[in-house]
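Asker:
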DNA sequence: GATCAACGCGCG
DNA sequence: AAAGCGCGCGTTGATC
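In the numbering used here, the protein residues as written are -17 to 610.
1. Apart from the five residues just before and just after residue 269, which ones in its own chain have a Cβ nearer than 6 angstroms to its Cβ?
2. Distance, Cα to Cα, residue 85 vs residue 91?
3. Excluding the five sequence neighbours on either side, which residues of its own chain have a C-beta within less than 6 angstroms of the C-beta of residue 484, listed in chain order?
4. Helix, strand or coil for residue 348? Go by DSSP, reduced to three states.
5. Just how far apart, CA to CA, sit residue 139 and residue 52?
6. Since residue 111 and residue 149 are thought to touch, with beta carbons under 8 angstroms apart, how far apart are those beta carbons, to the nearest angstrom?
7. Could you tell me the distance, in whole angstroms, from the CA atom of residue 609 to the CA atom of residue 224?
8. For residue 106, which residues of its own chain have a beta-carbon under 8 angstroms away from its beta-carbon, when the five flanking residues on both sides are left out?
9. If you drop the 5 nearest sequence neighbours on each side, which residues of the same chain put their C-beta closer than 7 angstroms to that of residue 477?
10. Quick check on the burial criterion: 16 or more other C-beta atoms within 10 angstroms. Buried or exposed for residue 607?
11. Who are the near neighbours of residue 246 in its chain, counting only those whose CB is closer than 7 angstroms to its CB and skipping five residues on each side?
12. How is the alpha helix (DSSP H) around residue 186 delimited, first residue to last?
13. Less than 8 angstroms between the CB atoms is what I'm expecting for residue 331 and residue 342, so what's the real figure, rounded?
14. With DSSP as the reference, label residue 483 as helix, strand or coil.
15. Comparing C-alpha positions only, which one of 388, 423, 337 and 94 sits nearest to residue 68?
16. Taking the C-alpha atoms as reference points, what is the distance between residue 146 and residue 134?
17. Distance check for residue 557 and residue 600, CA to CA, integer angstroms please.
18. Count the other C-beta atoms from every protein chain shown that fall within 10 angstroms of the C-beta of residue 363, then say buried if there are 16 or more, exposed otherwise.
19. Measure the beta-carbon distance from residue 89 to residue 37 and round it to whole angstroms, keeping in mind my assumption that it falls under 8 angstroms.
20. Output needed for residue 460: all residues of its chain with C-beta closer than 8 angstroms, excluding positions within five of it in sequence on either side, in chain order.
21. Between which two residues does the alpha helix (DSSP H) holding residue 469 run?
22. Using the three-state DSSP reduction, which class does residue 111 fall into: helix, strand or coil?
23. Who does residue 131 pair with in a DSSP beta bridge?
24. Given residue 281, which residues of its chain have a CB within under 6 angstroms of its CB, disregarding the five upstream and five downstream residues?
25. Once you ignore the five residues that flank residue 345 on each side, which residues in its own chain have a CB closer than 6 angstroms to its CB?
26. In the stretch 37 to 87, which residue ranges form an unbroken beta strand (DSSP E) of at least 3 residues, counting only runs that do not cross its ends?
27. Anyone know if the C-beta pair for residue 234 and residue 125 falls short of 8 angstroms?
28. Quick one: Cα of residue 546 to Cα of residue 78, how far?
29. Can you tell me the Cα-Cα spacing of residue 292 and residue 314, whole angstroms?
30. If you draw a straight line from the C-alpha of residue 317 to the C-alpha of residue 307, how long is it?
31. Kindly indicate which three-state DSSP category residue 144 falls into: helix, strand or coil?
32. For residue 243, count neighbouring C-beta atoms within 10 Å of its own C-beta (all shown protein chains included) and say buried if the count is 16 or more, exposed if not.
33. If I measure Cβ to Cβ from residue 527 and keep anything under 7 angstroms in the same chain, skipping five residues before and after, which residues do I get?
34. Roughly how many angstroms lie between the CA atoms of residue 392 and residue 489, to the nearest whole one?
35. Using DSSP with H/G/I as helix, E/B as strand and the rest coil, what is residue 408?
36. Can you name, in chain order, every residue of its own chain whose Cβ lies under 6 angstroms from the Cβ of residue 179, other than the five neighbours on each side?
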């Protein structure tokens, strides 16, 4: 991390790198071997950005070697690939565009050139737009991909925009020029590519390296270096895919369907044939019609004014005979709609695995997010978690950080009582329970400890007495009056005074400076993000975000730590990591995982050394259900 | 038919 | 006025 761009000689050359490339005022013509000239006409997209890279289409080995020799002298290369589709398992790279600092672009045609010829390119670091995409395609094609600069990540850090922004949008904003994406979805499998296609391919690489040059000095360097180093780790995981027991999943879904159908029959006894229980508005209407006025008083309403029909609101009216079948139906509908056939439809045609997309930097806090499918939120039913399996003949190794967010809060606030408890290996929930209930830690009952969990977690994010009483009841099954909740909060603050002070300080700074940041320097700016969440976010972003940075640091360390073992990354969810390994060295891999997770934690919180004794819990088993 | 907002709910 | 936070994704129902 933090290596900057290397020169061909191996030194660091940050200063020279960012003088690249001077805008080429001439619409330089480089005929190439085939006599193609770019831009072919003044109206092509190349002219549109106001500077014209000299694009050369390279289709012959001898020409490629010459180009390559020049490119290898560069400290950094702008690289872009054009592929026949979006799936590295099914589609192929057609063009590999590489730009040098002087604005010369070589567009290598991988359908005529042997790919090995271009392997030396990986001796030089690259700047690309979407690191994961380029990494997966090039890795699949046998390249050993060098350290990448990822312009999408740079843009997210600079713009504070978390949604995907296209290259054209970033170019428009940063370079102040339009960039045509007309050719993006053109036929990259055509035997003869058009001049416009070649020009487009070359221009993308050229603008990418310019964007990297302009954005890199503006980003918080520590968080960016961790993010970009994590890109290939997650990309490898995506490429490999997650083995999943689709056969058992199919049987489970059938069970769910049977139970759903039975609960629907029961439900019809009450609702009649015309109300769709999946429709919130129809259900709300039915409730308004069927319930006495006095029951409706105080029923929570949605933002648009109708009765809320979520499970928690419904539970407040447990006296209705309709309630039990309705809640059962809703539960099964959720399972079937989100984790049923739709989930199974993500089985990859050729690998037979799930290949979800992991994304860095698309969340407010800097957490990783996942989609297609979202494997961060599978239900915690044993039968479902057990579907996540290692490859045949291997075992699953699972590990999680114990109470990572509470530890992070302790470290950020330097709260002496919290730190002391963790350093002595004590149970923080028990300590809180003892303080709130006014008893010795040894005399804390299980119920008191459970209530304390609600207090500890709710407190991190500024939960008030009402919220605490509610979550204590609904999440932890602990009855708590508003007064008891208020008292618990008071005692909590008295027990952990530095934490309380830190929270006030965070809120104050957020108001004054309009921004907060994580330990590694991810900044969130309230003027950009909006006002509504300021109070809660002032504490939540540093805590949740710094915890996310811990996991990313661990991910970055993993490949090297696992070298020479059978260990492979299988999954990661915020504070949890799953690896697969051969039974022969599973115990060794488990220990390496534990040590690496501690090292990742210390990367972010070097002052936390004393609390690493019970920081990580590791388990070996047959599937996800067995290792959690 | 495609897209969007609102709501609800799975997880950490 | 008061509200713990962060996600992705399902359905409904409105809209074009």
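Every residue gets a Cβ at the ideal spot worked out from N, C-alpha and C, and that includes glycine.
Answerer: By the coordinates alone:
1. Excluding the 5 residues flanking it on each side, residue 269 has same chain C-beta neighbours closer than 6 angstroms at 289, in chain order.
2. Roughly 19 angstroms separates the two Cα atoms.
3. Sequence-distant partners of residue 484 (beyond 5 residues in either direction) whose C-beta falls short of 6 angstroms from its own C-beta, in its chain, are 395.
4. DSSP places residue 348 in coil when its eight states are reduced to three.
5. In a straight line, the C-alpha of residue 139 is about 33 angstroms away from that of residue 52.
6. Indeed they touch by this definition, with Cβ atoms about 5 angstroms apart.
7. Whole-angstrom Cα-Cα distance: 16 angstroms.
8. Result list for residue 106: -12, -10, 53, 54, 56, 57, 58, 59 and 128, in chain order.
9. So the qualifying residues of the chain are 399, 414 and 417.
10. So residue 607 ends up on the buried side.
11. Here the set comprises 311.
12. Membership of residue 186 in the alpha helix (DSSP H) is indicated by the continuous run 177 to 197.
13. Not really, about 27 angstroms apart at Cβ, beyond 8 angstroms.
14. Correct three-state label for residue 483: helix.
15. If you compare the alpha carbons of 388, 423, 337 and 94 with that of residue 68, the shortest gap goes to 337.
16. Between residue 146 and residue 134, the C-alpha separation is close to 8 angstroms.
17. Taking the straight line joining both Cα atoms gives about 12 angstroms.
18. Counting other Cβ atoms within 10 Å of its Cβ, residue 363 stays below 16 and is therefore classed as exposed.
19. Indeed they touch by this definition, with Cβ atoms about 6 angstroms apart.
20. Hits under 8 angstroms: 429, 432, 433, 436 and 454.
21. Residue 469 -> alpha helix (DSSP H) spans 464 to 477.
22. Of the three classes helix, strand and coil, the one that applies to residue 111 here is coil, per DSSP.
23. In the DSSP output, where bridge partners are listed per residue, residue 131 has 109.
24. 289.
25. The answer, listed in chain order, is 351.
26. The stretch 37 to 87 contains these whole beta strand (DSSP E) runs: 59 to 65 and 75 to 81.
27. Their beta carbons are not under 8 angstroms apart, which means residue 234 does not touch residue 125 by this criterion.
28. So the alpha carbons of these two residues sit roughly 32 angstroms apart.
29. Linking residue 292 to residue 314 through their CA atoms gives a straight-line distance of about 14 angstroms.
30. Computed Cα separation, rounded: 15 angstroms.
31. Annotated three-state conformation of residue 144 is coil, per DSSP.
32. Residue 243 comes out exposed.
33. Excluding sequence neighbours, residue 527 sits near 347, 348, 500 and 504.
34. So the alpha carbons of these two residues sit roughly 17 angstroms apart.
35. Residue 408 falls in the coil class under three-state DSSP.
36. Excluding residues within five positions, the ones whose Cβ falls inside 6 angstroms are 165 and 168.
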